[in-house]
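Notes follow once the structure below has been shown.
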Amino acid sequence: MNQQLQGQRTLGSLRIAASTVGAGDNEITFTVSGSGGSESATVFAPEGELAAFHGKLTALATEKSAAGGGFAIGRDQDRVVFDSKGYDGGQYQFVVTVARGEGASPAVAFAAPVSDAALDRLVAQLGQLASAGEGTLDWAVSA
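Residue numbering for the sequence shown follows the numbering used here, starting at 1 and increasing by one per position.
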């Protein structure tokens, strides 16, 4: 991601809405909310990418490493990047960044300590969404 960050905000919640377009492809709208407001991005994902996203998030949740490898959903235009900057005492330093296409507004990162239980909830909800191929999930950092 070769894009300047606008700043880092505190992550509060995430909404992922997926709909099927074409032959199994998905249009996915991410709305990330927290301190300072919210950011939305809509990305187009080829068939299988929603399931791959679930697999990558599952791997992040099970590794509990000092720093996870980030991964992005979306390609050339808007994209959403998920990353863990570390794991300590049962908490991930979870970061979700909304990045815009070339020449657009700066990327905005939302970060928060996220418990094992909270990340497990997100993984489970995303698994259901990936299996269905469409629908909406709402996840809060603390619930």
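Cβ atoms here follow ideal geometry from the backbone N, Cα and C, with glycine treated the same way.
Every value quoted in this text rests on a predicted model; they were computed, and no experiment measured them.
Residues that DSSP places opposite residue i in a beta bridge
i	result
Leu14	Val32 and Trp139
Ala23	Ala23 pairs with nothing; no bridge assigned.
Ser40	Thr31
Same chain, Cβ closer than 8 Å to residue i, neighbours up to 5 away in sequence not counted
i	result
Ser35	Arg9, Thr10 and Gly12
Gly135	Ala17, Ala18, Gln128 and Leu129
Proximity test, residue i beta-carbon vs the ligand PLP heavy atom, cut-off 7 Å
i	result
Leu129	Here there are no bound small molecules, and the ligand PLP is not part of this structure.
Beta-carbon proximity list for residue i, same chain, < 6 Å, skipping 5 on both sides
i	result
Thr42	Thr29
Ser142	none
Ile73	Val43, Phe53 and Val80
Gly133	Thr20
Phe110	Arg9, Leu11, Val32, Gly34 and Val96
Ala61	Leu119 and Val123
Own chain, CB closer than 7 Å to residue i, minus 5 neighbours either side, in chain order
i	result
Gly24	Glu47
Trp139	Ser13, Leu14, Arg121, Leu122 and Gln125
Val114	Gln91, Tyr92, Phe94 and Val141
Expected contact under 8 Å - CB spacing of residue i and residue j to nearest Å
i	j	result
Phe44	Glu27	6 Å
Val95	Asp83	5 Å
Ala112	Ala99	About 18 Å; that fails the 8 Å criterion.
Which runs of the alpha helix (DSSP H) at least 4 residues long sit entirely within the stretch 44-128? Give them in chain order.
49-63
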